[in-house]
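Peer 1: Quick one: the structure is below, questions incoming.
Number of protein chains: 2
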Amino acid sequence: MIPLLVEVTPTSAATTPLVATLFALVVVYLSSKIGGELAVRINLPAVLGELVMGVVVGISGLHLLGGTSEVVTVLSEIGVILLLFEIGLESDLQELLKVGTLAAIVAFVGVAAPFALGTVGLIAFFGVPVLPAVFAGAALTATSIGITARILADLGRLNSTEGQVIIGAAILDDILGIIILAVVLGITQKGAVSALDLTYTVVIATGFLVVAIFAGRLFAPFFVKIVNRLRTRGDLLVSALVFAFGLAYIASIIGSEAILGSFAAGLVLAETDKREELERKIKPVADTFVPVFFVSVGASTNLAVLNPFNPESQAGFAITLFLLVAAIVGKMMAGFVIRPKIPVNRLAIGFGMIPRGEVGLIFAGQGSQVPGLSPAVQTAIVVVVIVTTFMAPPLLRFALGRQEAPKT
Amino acid sequence: MIPLLVEVTPTSAATTPLVATLFALVVVYLSSKIGGELAVRINLPAVLGELVMGVVVGISGLHLLGGTSEVVTVLSEIGVILLLFEIGLESDLQELLKVGTLAAIVAFVGVAAPFALGTVGLIAFFGVPVLPAVFAGAALTATSIGITARILADLGRLNSTEGQVIIGAAILDDILGIIILAVVLGITQKGAVSALDLTYTVVIATGFLVVAIFAGRLFAPFFVKIVNRLRTRGDLLVSALVFAFGLAYIASIIGSEAILGSFAAGLVLAETDKREELERKIKPVADTFVPVFFVSVGASTNLAVLNPFNPESQAGFAITLFLLVAAIVGKMMAGFVIRPKIPVNRLAIGFGMIPRGEVGLIFAGQGSQVPGLSPAVQTAIVVVVIVTTFMAPPLLRFALGRQEAPKT
């Protein structure tokens, strides 16, 4: 058996959901503040400290936070949705479209390279059967938008060309990652995947963003008009949340990702004259939800799977190292393959694509459905997600630190 | 069978908790905005519109919101906690202590009068056995802090003398209500309640607030010092949430009420020089959580129990009317019994104490444990909670409107 990503905390049985949630929130906020403050004092992005403190209070450490509470899980998912809304709000759609081609190349290479390296390597060097090898390769494809955007924001670089390329590419490879997961699981479940299913998944995931943004732009003046006529408290904020959560809900139910919806909502509202006021009002709300996501990611990672002296982990240690190299080299290639006309820090783009997160963890969770996927390979996927997440902040800071950084 | 307060929505089965929560939040925010905006346009407090729209989308209307989701329930409970934190932050502890005696008298009479009227009346006029009569009388005791504070805030009167007396009395009678519930349930469960249990409940519920406030005042300068040294985003807000949720958690686990903890935290932080900045930052967070509470209260009320033409409801219609009168007259007496030295609007105080809410609904939920409590009486309790909640805003507005109201 591989160690579970999520364990039951012993304390949660006797308390009500509210009391358990209050306790979890106090732990999350304390951890995020302590971790963040310590990190910035040793010149690292705050998010790294939040992740590390998450590990300290989570199942690898003090066991104060498990991942079992449905409420905390939903709060953390709403955190990612709000994070993407805020990123959309701070992004410049014109700028994002300008770097669109670059982002598309980075996304495509950043998906294809680790996928090919991982899959071929597992078959050739480790004798892994084709299907589990494809699955493991696919798990390496998607960059974590949440982690990478937060690092960029911590560094004050979200709106740099590199930042926009990374965010654009991360969004695209998330879509590609979801498509690959759907295809791979389709093959493993039915023995084959229908062309119709594949077409549907592709069209929905890529089409939603385009339709949401263009329909949203038509709707935006109407939105501003309504908000200007409201007289009750929370007029702008609550209306914006309806828009963001509404698009996130629509994205979910048509089979795409909730975060694409809130990101589109942010992009659309960023073009209205409400942008500044909304940014100011969404910040405290994001500060309330987003730490739940980062601390939870740290808290639910089990460092025991990293121990090379543990006989259970040893079997897959070579595979883990190989997949880790494939994951890193593949994304670095994505940065260096582009030939932009404007000067761009390609090292930073490569580093920025490294952290795997949400989608990688979703893959790991689906592994049990794949026949022939050994515990060693499944553990390796989890380890790659953890290590890439932890190594990206210092690397990206190093790459961007070589240019002058703006004070924010 | 009495109609249930909470019903299962048919749509929730197929979706994930996140998707269900997103849908619920969109419904909540749309309802609260539409209801609130319509209400202020016909010169009523926004909260009344939120409650009514909650009924429209809830189990008595469109069935878009049930009360079954654990996540939505916790979000709504966090909403009340944040509401009380904000009320504490906007309250003036010195002012509250100044009106302390008045508030204590209002609270005591406002608990004793409806309790006595309801219990004695049920026994004398309707032949209800003693134990269920005591239970029904006790259900009439506690004013809804949430509803009443929100109405005062909507009217810009939270900091008036009347507002402070009402809030202070509502907090005290919530404590008294919880004590009575514990005692009554203790008697019904064991046939008797131990003096030790009773003493413990009284000491804890009344003592917590005092200790939290005075210990908190010693801690406040230390809190400001820490916050001033933080360098990461969300420094003040997240630290304040740790304090508020931490005290709410402590209040819960020692057997008192979470809202007392966050209220104490607000009172304490209101005396620091961070008050204004914190008020500005907590507002958007409160705007995100608090509507979930008000819309949920509306959504989970079943108007079918109000139908006098329904044979099931008819049986208890006279009892319902009687309890309603007892509930209203009892609280009005609380307003008129005081003889303050300063000029105070006693009618407004009486009206302000009328809405029952959280504690009343808790009583209704515990009714099945009381032997001999007939469905008619149990339904009557629910109806009284609903009707008093709906009638208070216009009454309070009427009473306060007779003085000049400040523009906010």
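Respectively, the protein sequence lines represent chains B and W. At position 82 of the first sequence (counting the first as 1) the number is 82 in the numbering used here, and the numbers step up by one without a gap. The number in the numbering used here is simply the position in the second sequence, starting from 1, with 1000 added. We put the CB at the ideal spot given by N, CA and C, even for glycine.
(1) Could you check which residue in W:Thr-1232, W:Ala-1195, W:Phe-1023 has the C-alpha nearest to that of Arg-41 (chain B)?
(2) I need the boundaries of the alpha helix (DSSP H) containing Phe-294 (chain B), first residue and last residue.
(3) Listed in chain order, which residues of the segment 18–40 of chain B have Cβ atoms closer than 8 angstroms to some Cβ of chain W?
(4) Against Leu-1237 (chain W), what residues of chain B qualify as contacts under a CB-to-CB distance less than 9 angstroms, listed in chain order?
(5) Under 9 angstroms between C-beta atoms, does Leu-230 (chain B) make it to chain W?
(6) Could you work out which residue in W:Ser-1239, W:Leu-1117, W:Val-1134 is closest to Phe-1363 (chain W) when comparing CA atoms only?
(7) Report the three-state DSSP secondary structure of Thr-1199 (chain W) (helix, strand or coil).
(8) Nearest to Phe-1243 (chain W) by alpha carbon, out of W:Ala-1334, W:Val-1268, W:Glu-1257?
(9) When burial is assigned at 16 or more other CB atoms within 10 Å of the CB, is Thr-1101 (chain W) buried or exposed?
(10) Give me the chain W residues within the contact set of Arg-486 (chain B), using Cβ-Cβ distance strictly less than 8 angstroms, ordered along the chain.
(11) With burial defined as no fewer than 16 other Cβ atoms inside 10 Å of the residue's Cβ, what is the status of Asn-345 (chain B): buried or exposed?
(12) I want to know whether the segment 319–326 of chain B touches the segment 87–102 of chain B - three or more CB-CB distances under 8 angstroms.
(13) Which of the three DSSP states, helix, strand or coil, is assigned to Arg-1356 (chain W)?
(14) Could you tell me if Phe-1222 (chain W) is buried or exposed, where buried requires 16 or more neighbouring beta carbons within 10 angstroms of its beta carbon?
(15) Can you give the Cα-Cα distance for Ile-1386 (chain W) and Ile-1078 (chain W), rounded to whole angstroms?
(16) So the candidates are W:Ala-1248, W:Asp-1174, W:Gly-1156, W:Asp-1154; which of them puts its Cα closest to the Cα of Leu-18 (chain B)?
(17) Starting from Thr-1143 (chain W), follow its DSSP beta bridges and name the residues at the other end.
(18) Going along the chain, which residues of the segment 1143–1155 of chain W sit with their C-beta nearer than 8 angstroms to a C-beta in chain B?
(19) Rounded to a whole number of angstroms, what is the C-alpha to C-alpha distance between Ala-1142 (chain W) and Ala-205 (chain B)?
(20) By a C-beta neighbour count over all protein chains shown, 10 Å radius and 16 as the cutoff for buried, is Asp-1273 (chain W) buried or exposed?
(21) Please work out which residues of its chain come closer than 8 angstroms, Cβ to Cβ, to Ser-1069 (chain W), disregarding the five sequence neighbours upstream and downstream, and give them in chain order.
(22) Please list the terminal residues of the continuous alpha helix (DSSP H) segment that includes Ser-262 (chain B).
(23) Answer with buried or exposed for Ala-1169 (chain W), where buried requires no fewer than 16 other C-beta atoms within 10 angstroms of its C-beta.
(24) Check whether the Cβ of Pro-291 (chain B) lies closer than 9 angstroms to any Cβ atom in chain W.
(25) Below 8 angstroms, can you find three or more Cβ-Cβ pairs linking the segment 71–87 of chain B to the segment 330–346 of chain B?
(26) At 7 angstroms on the CB atoms, spell out the chain B contacts of Val-1057 (chain W), in chain order.
(27) In chain W, which residues lie less than 7 angstroms from Phe-245 (chain B) when you measure between Cβ atoms?
(28) Looking at the unbroken alpha helix (DSSP H) that takes in Val-1337 (chain W), where does it start and where does it end?
(29) Report all residues from its chain with a CB closer than 6 angstroms to the CB of Leu-1303 (chain W); omit the five preceding and five following residues, and keep chain order.
(30) What three-state label does DSSP hand Asn-1228 (chain W) in the structure shown?
(31) So, are the CB atoms of Gly-1352 (chain W) and Gly-1163 (chain W) less than 9 angstroms apart?
(32) Pull up the distance between the alpha-carbon of Leu-1218 (chain W) and that of Val-1227 (chain W), whole angstroms please.
(33) Could you pull the start and end residues of the alpha helix (DSSP H) that Pro-375 (chain B) belongs to?
(34) Specify the secondary structure class of Ile-342 (chain B) as computed by DSSP and reduced to three states.
(35) Please identify, using Cβ separations under 9 angstroms, the residues of the segment 294–307 of chain B that lie next to chain W, in order along the chain.
(36) What's the call for Leu-51 (chain B), buried or exposed, on a 16-neighbour Cβ count within 10 Å?
Peer 2: Short version:
(1) Taking the first sequence and counting its residues from 1, one reaches residue 41 (chain B) at position 41. Of the candidates W:Thr-1232, W:Ala-1195, W:Phe-1023, the one whose C-alpha sits nearest the C-alpha of Arg-41 (chain B) is W:Thr-1232.
(2) In the first sequence, residue 294 (chain B) corresponds to position 294, counting from 1. Residues 275–299.
(3) Leu-18, Val-19, Thr-21, Leu-22, Phe-23, Leu-25, Val-26, Tyr-29, Leu-30, Ser-32, Lys-33, Gly-36, Glu-37, Val-40
(4) Residue 1237 (chain W) sits at position 237 when you count from the first residue of the second sequence. Within chain B, the residues near Leu-1237 (chain W) are Lys-283, Pro-284, Asp-287, Thr-288.
(5) The residue you call residue 230 (chain B) lines up with position 230 of the first sequence. It does; some Cβ of chain W falls within 9 angstroms.
(6) Counting from 1 along the second sequence, the entry for residue 1363 (chain W) is found at position 363. Ranking W:Ser-1239, W:Leu-1117, W:Val-1134 by Cα distance to Phe-1363 (chain W) puts W:Val-1134 first.
(7) As a working mapping, residue 1199 (chain W) is identified with position 199 in the second sequence. Helix.
(8) Taking the second sequence and counting its residues from 1, one reaches residue 1243 (chain W) at position 243. For Phe-1243 (chain W), the nearest C-alpha among the options comes from W:Val-1268.
(9) Translated into the one-based positions of the second sequence, residue 1101 (chain W) becomes position 101. Thr-1101 (chain W) should be labelled exposed.
(10) Within the shown structure, residues of chain B are numbered from 1 to 408, placing residue 486 (chain B) beyond reach of any answer.
(11) In the first sequence, residue 345 (chain B) corresponds to position 345, counting from 1. Flag for Asn-345 (chain B) reads buried.
(12) no
(13) Your numbering for residue 1356 (chain W) matches position 356 in the second sequence. Strand, per DSSP.
(14) Your numbering for residue 1222 (chain W) matches position 222 in the second sequence. By the 10 Å Cβ count, Phe-1222 (chain W) comes out exposed.
(15) By 1-based counting over the second sequence, the position of residue 1386 (chain W) is 386. By 1-based counting over the second sequence, the position of residue 1078 (chain W) is 78. For Ile-1386 (chain W) and Ile-1078 (chain W), the distance between alpha carbons rounds to 22 angstroms.
(16) Sequence index remark: in the first sequence, residue 18 (chain B) carries index 18 (1-based). Checking every option, the nearest Cα to that of Leu-18 (chain B) belongs to W:Ala-1248.
(17) The residue labelled residue 1143 (chain W) in the question sits at position 143 within the second sequence. Paired residue(s): W:Arg-1356.
(18) none
(19) Counted from its first residue, the second sequence places residue 1142 (chain W) at position 142. Counted from its first residue, the first sequence places residue 205 (chain B) at position 205. Approximately 52 angstroms, taken between the alpha carbons.
(20) Here residue 1273 (chain W) refers to the residue found at position 273 when the second sequence is read from its first residue. That one is exposed.
(21) Along the second sequence, read from residue 1 onward, the residue named residue 1069 (chain W) stands at position 69. Contacts found: Ser-1012, Pro-1017, Ala-1020, Thr-1021, Ala-1024.
(22) Position 262 of the first sequence, counted from the first residue, corresponds to residue 262 (chain B). Element bounds for Ser-262 (chain B): 258–270.
(23) Translated into positions along the second sequence, residue 1169 (chain W) becomes position 169. Counting Cβ neighbours within 10 Å, Ala-1169 (chain W) comes out buried, since at least 16 surround it.
(24) Taking the first residue of the first sequence as position 1, residue 291 (chain B) is located at position 291. Taking Cβ atoms only, chain W reaches closer than 9 angstroms to Pro-291 (chain B), which makes this a yes.
(25) no
(26) Locating residue 1057 (chain W) in the second sequence gives position 57, where the first residue counts as 1. Under the 7 angstroms cutoff, chain B gives no residues; its nearest Cβ is about 13 angstroms from Val-1057 (chain W).
(27) Your numbering for residue 245 (chain B) matches position 245 in the first sequence. Near Phe-245 (chain B) (Cβ distances below 7 angstroms), the residues of chain W are Leu-1022, Leu-1025, Val-1026.
(28) Along the second sequence, read from residue 1 onward, the residue named residue 1337 (chain W) stands at position 337. Premise fails: Val-1337 (chain W) is in no alpha helix (DSSP H) and is neither H nor E.
(29) Taking the second sequence and counting its residues from 1, the one referred to as residue 1303 (chain W) is at position 303. Around Leu-1303 (chain W): Ser-1060.
(30) Within the second sequence, residue 1228 (chain W) is the residue found at index 228, counting from 1. Reduced to three states, the DSSP call for Asn-1228 (chain W) is helix.
(31) Numbered from its first residue, the second sequence carries residue 1352 (chain W) at position 352. Numbered from its first residue, the second sequence carries residue 1163 (chain W) at position 163. In contact: Gly-1352 (chain W) and Gly-1163 (chain W) (Cβ atoms closer than 9 angstroms).
(32) If you number the second sequence from 1, residue 1218 (chain W) lands on position 218. If you number the second sequence from 1, residue 1227 (chain W) lands on position 227. Their backbone Cα atoms lie some 16 angstroms apart in a straight line.
(33) For the purposes of this step, residue 375 (chain B) is identified with residue 375 of the first sequence, where counting begins at 1. Unbroken alpha helix (DSSP H) run through Pro-375 (chain B): 375–401.
(34) Within the first sequence, the letter at position 342 stands for residue 342 (chain B). Looking at Ile-342 (chain B) - three-state DSSP - the assignment turns out to be coil, as it is neither helix nor strand.
(35) none
(36) For the purposes of this step, residue 51 (chain B) is identified with residue 51 of the first sequence, where counting begins at 1. Answer is buried; the Cβ neighbour count reaches 16.
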